[in-house]
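A.B. asks: In our numbering, the protein residues as written are 132 to 260. Note that the Cβ used here is the ideal one computed from N, Cα and C, for glycine as well. Values in this document were obtained by computation on a predicted structure and should not be read as measured data.
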């Protein structure tokens, strides 16, 4: 799985996921839209991939684990926001489309630390129930 690029054509848009040293690189391409939309199946496949890459990073003996001390996301109404050094990512359930909506501001490519990814996985799992 090392440095392999995973490219998903989701319900609306394209999501690219790749291991980038001790982070997971996530890139969103809206394809002329305002966001990416994921079906329940898309979301489950993305969750599985994020878990597999996170596990690979976590089990690397050279990985320096950072303690999880505080919640990293902010919840505003039914939207979940994470900030990285260069971007902000938003995840919510879009009732009209019956899909998970993902948007970003800032750079379209985000390097996410494991603690961010674990929270995102938990939120995605919650939203598709």
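Reducing DSSP to helix, strand and coil, say where residue 244 ends up.
C.D. replies: Here residue 244 sits in coil by DSSP.
A.B. asks: Does the beta-carbon distance from residue 230 to residue 157 come in below 8 Å?
C.D. replies: No.
A.B. asks: Whole angstroms is fine: what's the gap from residue 132's alpha carbon to residue 165's?
C.D. replies: A caution first: residue 132 carries a pLDDT of 49, below 50, which makes its placement in the model unreliable, though a value can still be read off. In a straight line, the C-alpha of residue 132 is about 31 Å away from that of residue 165.
A.B. asks: Extract the residue ranges of the alpha helix (DSSP H) inside the region 155 to 206, only unbroken runs of 4 or more that lie entirely within it.
C.D. replies: Counting only runs of 4 or more, we get 171 to 189.
A.B. asks: So, using beta-carbon positions, are residue 181 and residue 233 closer together than 8 Å?
C.D. replies: No; because the gap between Cβ atoms is not below 8 Å, this pair is not in contact.
A.B. asks: Please name the residue in 213, 223, 236 whose C-alpha comes closest to that of residue 243.
C.D. replies: Closest option to residue 243, Cα to Cα, is 213.
A.B. asks: Taking a contact to mean a Cβ-Cβ separation below 8 Å, would you say residue 147 touches residue 134 in this structure?
C.D. replies: Not closer than 8 Å, so no.
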